[in-house]
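The structure appears right after this line, and notes come after that.
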Amino acid sequence: MLDPRVILGPADLTAAERERIFEVASRLKSQPNTAPVPSGLRVGALYFNPSLRTRASFEQAAWLVGGTCQTLNAGADTWGLELDPEAVMDGDKVENVAEAARVLGQFFHVLGVRSFRGDGSWEVERTEPVLRRFAQYSNAPIVSLEGTTHHPCQALADHLTMRERLGEDLSGQPVVLRWAWHPRMLPAAVPHSYLLESALAGCDVRVLHPEGYDLDAEILEQARTAARAGGGDVRVSHDPRDVAGARVLYVKSWGPLGQTGPNPDDLRADWQVDMDLVGRTEEAGVMHCLPVRRNVVISGDVLESPHSWVTQQAGNRMWAQAGLLSLLGTKVGVL
Amino acid sequence: MLDPRVILGPADLTAAERERIFEVASRLKSQPNTAPVPSGLRVGALYFNPSLRTRASFEQAAWLVGGTCQTLNAGADTWGLELDPEAVMDGDKVENVAEAARVLGQFFHVLGVRSFRGDGSWEVERTEPVLRRFAQYSNAPIVSLEGTTHHPCQALADHLTMRERLGEDLSGQPVVLRWAWHPRMLPAAVPHSYLLESALAGCDVRVLHPEGYDLDAEILEQARTAARAGGGDVRVSHDPRDVAGARVLYVKSWGPLGQTGPNPDDLRADWQVDMDLVGRTEEAGVMHCLPVRRNVVISGDVLESPHSWVTQQAGNRMWAQAGLLSLLGTKVGVL
Amino acid sequence: MLDPRVILGPADLTAAERERIFEVASRLKSQPNTAPVPSGLRVGALYFNPSLRTRASFEQAAWLVGGTCQTLNAGADTWGLELDPEAVMDGDKVENVAEAARVLGQFFHVLGVRSFRGDGSWEVERTEPVLRRFAQYSNAPIVSLEGTTHHPCQALADHLTMRERLGEDLSGQPVVLRWAWHPRMLPAAVPHSYLLESALAGCDVRVLHPEGYDLDAEILEQARTAARAGGGDVRVSHDPRDVAGARVLYVKSWGPLGQTGPNPDDLRADWQVDMDLVGRTEEAGVMHCLPVRRNVVISGDVLESPHSWVTQQAGNRMWAQAGLLSLLGTKVGVL
Numbered sequence: 284m285l286d287p288r289v290i291l292g293p294a295d296l297t298a299a300e301r302e303r304i305f306e307v308a309s310r311l312k313s314q315p316n317t318a319p320v321p322s323g324l325r326v327g328a329l330y331f332n333p334s335l336r337t338r339a340s341f342e343q344a345a346w347l348v349g350g351t352c353q354t355l356n357a358g359a360d361t362w363g364l365e366l367d368p369e370a371v372m373d374g375d376k377v378e379n380v381a382e383a384a385r386v387l388g389q390f391f392h393v394l395g396v397r398s399f400r401g402d403g404s405w406e407v408e409r410t411e412p413v414l415r416r417f418a419q420y421s422n423a424p425i426v427s428l429e430g431t432t433h434h435p436c437q438a439l440a441d442h443l444t445m446r447e448r449l450g451e452d453l454s455g456q457p458v459v460l461r462w463a464w465h466p467r468m469l470p471a472a473v474p475h476s477y478l479l480e481s482a483l484a485g486c487d488v489r490v491l492h493p494e495g496y497d498l499d500a501e502i503l504e505q506a507r508t509a510a511r512a513g514g515g516d517v518r519v520s521h522d523p524r525d526v527a528g529a530r531v532l533y534v535k536s537w538g539p540l541g542q543t544g545p546n547p548d549d550l551r552a553d554w555q556v557d558m559d560l561v562g563r564t565e566e567a568g569v570m571h572c573l574p575v576r577r578n579v580v581i582s583g584d585v586l587e588s589p590h591s592w593v594t595q596q597a598g599n600r601m602w603a604q605a606g607l608l609s610l611l612g613t614k615v616g617v618l
Numbered sequence: 284m285l286d287p288r289v290i291l292g293p294a295d296l297t298a299a300e301r302e303r304i305f306e307v308a309s310r311l312k313s314q315p316n317t318a319p320v321p322s323g324l325r326v327g328a329l330y331f332n333p334s335l336r337t338r339a340s341f342e343q344a345a346w347l348v349g350g351t352c353q354t355l356n357a358g359a360d361t362w363g364l365e366l367d368p369e370a371v372m373d374g375d376k377v378e379n380v381a382e383a384a385r386v387l388g389q390f391f392h393v394l395g396v397r398s399f400r401g402d403g404s405w406e407v408e409r410t411e412p413v414l415r416r417f418a419q420y421s422n423a424p425i426v427s428l429e430g431t432t433h434h435p436c437q438a439l440a441d442h443l444t445m446r447e448r449l450g451e452d453l454s455g456q457p458v459v460l461r462w463a464w465h466p467r468m469l470p471a472a473v474p475h476s477y478l479l480e481s482a483l484a485g486c487d488v489r490v491l492h493p494e495g496y497d498l499d500a501e502i503l504e505q506a507r508t509a510a511r512a513g514g515g516d517v518r519v520s521h522d523p524r525d526v527a528g529a530r531v532l533y534v535k536s537w538g539p540l541g542q543t544g545p546n547p548d549d550l551r552a553d554w555q556v557d558m559d560l561v562g563r564t565e566e567a568g569v570m571h572c573l574p575v576r577r578n579v580v581i582s583g584d585v586l587e588s589p590h591s592w593v594t595q596q597a598g599n600r601m602w603a604q605a606g607l608l609s610l611l612g613t614k615v616g617v618l
Numbered sequence: 284m285l286d287p288r289v290i291l292g293p294a295d296l297t298a299a300e301r302e303r304i305f306e307v308a309s310r311l312k313s314q315p316n317t318a319p320v321p322s323g324l325r326v327g328a329l330y331f332n333p334s335l336r337t338r339a340s341f342e343q344a345a346w347l348v349g350g351t352c353q354t355l356n357a358g359a360d361t362w363g364l365e366l367d368p369e370a371v372m373d374g375d376k377v378e379n380v381a382e383a384a385r386v387l388g389q390f391f392h393v394l395g396v397r398s399f400r401g402d403g404s405w406e407v408e409r410t411e412p413v414l415r416r417f418a419q420y421s422n423a424p425i426v427s428l429e430g431t432t433h434h435p436c437q438a439l440a441d442h443l444t445m446r447e448r449l450g451e452d453l454s455g456q457p458v459v460l461r462w463a464w465h466p467r468m469l470p471a472a473v474p475h476s477y478l479l480e481s482a483l484a485g486c487d488v489r490v491l492h493p494e495g496y497d498l499d500a501e502i503l504e505q506a507r508t509a510a511r512a513g514g515g516d517v518r519v520s521h522d523p524r525d526v527a528g529a530r531v532l533y534v535k536s537w538g539p540l541g542q543t544g545p546n547p548d549d550l551r552a553d554w555q556v557d558m559d560l561v562g563r564t565e566e567a568g569v570m571h572c573l574p575v576r577r578n579v580v581i582s583g584d585v586l587e588s589p590h591s592w593v594t595q596q597a598g599n600r601m602w603a604q605a606g607l608l609s610l611l612g613t614k615v616g617v618l
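Protein chains in written order, with the numbering used here: chain A, 284 to 618; chain B, 284 to 618; chain C, 284 to 618.
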């Protein structure tokens, strides 16, 4: 585990911290109309990539714990940030991450950062260079609002949703993380985080994807070890219909790691999710992080059916993040 | 009247609700320096079209009732929203309004949406397809922050301003809604809303515009019925100087419905508002929703004269919207 | 001094007001985790030029005094503002500053405005035409968030930092404001404000810059008068190494007034700040408003050394602005 003040992925929270997060989340969710207890918590959220859902739920999460959250947009085009503290900055980069992180770390008690589209190879980007630089120089805790490898806030919402639906003890629960066809090759942070989060919860995780779409080997191994310790396992299959027994069907598209561009059309028919596929599960709940392309990734009738948990799952983004901010606010002495 | 939780135009509020709104607005306005009473109200404001005035007044309105408002920009370019829940989404639209509305409806107790520039014909756009889809799927009340047909928040501010100037009982008051020349053909939401709002207040409404600039026939008929029930009437004239007796001169440019492009230059001279025209009224107050092109739509000396109510009218945006949010917050059990 | 409700530069605050600001800033800074005392203060911040640091620190400053701050972006491209109230607005400008200022002045108790890149000559722009128009028409106090001539909020943070490091009485303290090479010719608001602020504090100010990079003659004279009254003086030199005895080395690049474009390369070697230069001072603290180009303007080893005050200085933006908003909030009767 990294420094506990840096949340880059599911493994950066202990089991006890996760329990604490869900406890606060559930308590706040049970009284959604109550005025927050005022606190001094100042949260910043810095986006190097666009966001609508995360920025809404993260700002409201800060409000729910009595604090304030300010969203800052830092498109690579508009604010060239130099990651190398030794660089001679006579090009187009105007600020070094060392200064940026130190300054923002003074304005905010907690700093969320989204950065998932670097220019480097997968081997470089998987080290989360931007987020780690912020963590290195900031005096405030850093929370990934989606990096290259993980999306820990989404994972907390996913976990909370499974607990609400299947009970607190998820050990041994059969869940399926299933690839879906999408016109474009998407980042893999969400599937990595669901894989690891459900493994940490002890689920029995099946990962279904076409050949050539392997997830990160190290994260896979980390998840396998965690799942086995908790009463489950991790297994990979290339059969799109290998969903028998599943209680959760987590649908998500991703590209071969580090690649962009279109996905091949010949995968489309086999890998869409429809009622037929859901019928092969054990009354599984269908999860997806949204936005979802209707009738391409998941059919409309599945999304409109009682099998769909996607609305609840998205709503839990706010409550789970409120739990996380409550935890971090306590750690830094504000709450 | 629509579902009371959906405010698309003036007719979506009852007379009693409007009274309640003005009562709260006036009370808050009378103590502008007082700290708000904290509440749990979370308001979202989603803009498909740009805004500066509305976003400022709407955010501050939420703050005035002890809540928070988060502004979200959803330019059609940056967040392609599919309005048809049955669509096969393999094009450039990444999210269906069904999911978007359900998600945002969980984060916020009240959701404001601005969407006034669709691609369809007037017959399609006048049904407010975007706003109605949000209303259909959101669990939270929807407030139009300017649609194609109406701008209900502007109408409330207009009404509040008339009450402050002319007294609470506006029945039979002679008011003029007068077209003005503007370089471009503008949307008609504001004139429609002023027409209907003043008619609902029982005013005697004269609508002046050049031939070919007719307002929506159905809204005109709805206004006429409402005005007659309240002691007034609605009459249309093409004479730019037909302002005798008017106590209000509401100035606004609009284009032939559904059209864009430049307005013909030959209308310019006759349709500008200057001191001569104001002198033909019964000491009318001059109203305009702003922004206004000085010395083109209204002359500078009118705007600087005591006849101008435009500053007060703009300020009332904030107070009237605070009244509206107070009403809706009460309806959803937060306030 | 201007109308006390208009803060365009350091001279628009009295010594007593400045003391009050620092007192509040220091008190708030000493309890950074405490929940703010709720107030009704509504602050607006309107940006005609981009900002990340100022918008973060200014919003958080409002929060620290129990209020709210709303940031509004008004790029000249997206919201053409006409500065002449007599203009016939049939071109591309859609709103007159008279209306804009009156409206925003109703929504907010205090209005911050950033506008430092006008199209006019230095003689025109140095009169701060945008900021002064806002001051003329707004009913609310106006605070420059960086104009053409001054950046008063930066000056307060600079002054607070010097007090924290060198003690409250700065009279006679030898400080150096030193030009540095930068690829582009930058605005001069920050050096002007440091010059005048340190002079008002009674410092003994040396200004070092290459020939042809003179600061504004009137501001220089104003600073000289102020410094002499307080026990110091202002002296200009073109020697980049004239730093002996300095307790502060304030580094900043600027262009010949009113000019843009690249700076000549032949100035680069002599005007960079490195450990050798710092060693020639009297253990001076190195200040810079940030962002700073590492190893071009200031070397990385200086920035990482105990000589660097830049992080503390940037953090003080928030606390100093909270002090300023506290002062203004009191003046308008909200706090």
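The beta carbon of each residue, even a glycine, is placed where N, CA and C say it ideally should be.
Continuous alpha helix (DSSP H) stretch holding residue i: start and end
{"i": "glycine 606 (chain B)", "result": "593 to 614"}
{"i": "valine 585 (chain B)", "result": "583 to 587"}
{"i": "aspartate 295 (chain C)", "result": "Careful: aspartate 295 (chain C) lies outside any alpha helix (DSSP H) and carries neither H nor E."}
Cβ neighbours of residue i in the same chain (closer than 6 Å, five flanking residues each side left out)
{"i": "leucine 355 (chain B)", "result": "Leu329"}
{"i": "alanine 278 (chain B)", "result": "Residue 278 (chain B) falls outside the range modelled here, since chain B spans only 284 to 618, and no answer is possible."}
{"i": "glycine 513 (chain A)", "result": "Ser454, Gly485"}
Chain C residues whose Cβ lies nearer than 7 Å to that of residue i
{"i": "alanine 472 (chain B)", "result": "Under the 7 Å cutoff, chain C gives no residues; its nearest Cβ is about 17 Å from alanine 472 (chain B)."}
Within chain A, the residues that residue i reaches when beta carbons sit closer than 8 Å
{"i": "proline 589 (chain C)", "result": "Ordered by position in chain A, no residue passes the 8 Å Cβ test against proline 589 (chain C), which lies about 14 Å from the chain."}
{"i": "valine 377 (chain B)", "result": "Pro574, Arg576"}
{"i": "threonine 594 (chain C)", "result": "Glu382, Arg385, Val386, Gln389"}
Under 7 Å by beta carbon: chain B residues contacting residue i
{"i": "asparagine 578 (chain A)", "result": "Ala370, Val371, Met372"}
Continuous beta strand (DSSP E) stretch holding residue i: start and end
{"i": "lysine 535 (chain C)", "result": "531 to 535"}
{"i": "tyrosine 496 (chain A)", "result": "It is not in any beta strand (DSSP E) - tyrosine 496 (chain A) carries neither H nor E in the DSSP assignment."}
{"i": "arginine 303 (chain B)", "result": "Arginine 303 (chain B) -> not in any beta strand (DSSP E); alpha helix (DSSP H) instead, spanning 298 to 313."}
{"i": "aspartate 516 (chain A)", "result": "516 to 520"}
{"i": "valine 569 (chain A)", "result": "568 to 570"}
Listed by chain order, chain A residues near residue i by CB distance under 9 Å
{"i": "alanine 381 (chain C)", "result": "The premise fails here: alanine 381 (chain C) is roughly 31 Å from chain A at the closest Cβ pair, so nothing lies under 9 Å."}
7 Å Cβ shell around residue i - same chain, five flanking residues per side excluded
{"i": "leucine 366 (chain C)", "result": "Val380, Pro412, Val413, Arg416"}
{"i": "serine 322 (chain C)", "result": "Val348, Gly349, Gly350, Gly612, Val617, Leu618"}
Interface partners of residue i on chain C, CB under 8 Å
{"i": "threonine 613 (chain A)", "result": "The premise fails here: threonine 613 (chain A) is roughly 11 Å from chain C at the closest Cβ pair, so nothing lies under 8 Å."}
{"i": "glycine 598 (chain B)", "result": "Val386, Gln389, Phe390"}
Residue i burial status per 10 Å Cβ neighbour count (16 or more: buried)
{"i": "glutamine 389 (chain B)", "result": "buried"}
{"i": "threonine 432 (chain B)", "result": "buried"}
{"i": "glutamate 587 (chain B)", "result": "exposed"}
{"i": "arginine 565 (chain A)", "result": "Arginine is not the amino acid found at residue 565 (chain A); the sequence shown has glutamate there. Exposed, by the Cβ-count rule."}
{"i": "methionine 284 (chain C)", "result": "For methionine 284 (chain C), the pLDDT reaches just 41, beneath the cut-off of 50, and the residue's location in the model is therefore unreliable, leaving the point undetermined."}
{"i": "glycine 327 (chain B)", "result": "buried"}
{"i": "methionine 558 (chain C)", "result": "exposed"}
{"i": "threonine 297 (chain A)", "result": "exposed"}
{"i": "glycine 485 (chain C)", "result": "buried"}
Contacting residues, own chain, Cβ-Cβ under 8 Å from residue i (five flanking each side not counted)
{"i": "alanine 357 (chain B)", "result": "Leu329, Tyr330, Phe331, Leu364"}
Whole beta strand (DSSP E) elements within the segment 326 to 398 of chain A, 3-residue minimum: Counting only runs of 3 or more, we get 351 to 356, 393 to 397.
Taking a Cβ distance cut-off of 9 Å, strictly less, list which residues of the segment 313 to 346 of chain C are near chain E, in chain order. Judged by its chain identifiers, the structure shown contains no chain E, and its protein chains are A, B and C.
Note down, one range per segment and in chain order, each alpha helix (DSSP H) of at least 4 residues found wholly within the segment 427 to 502 of chain B. Segments of the alpha helix (DSSP H) lying fully in the segment 427 to 502 of chain B: 435 to 449, 472 to 483.
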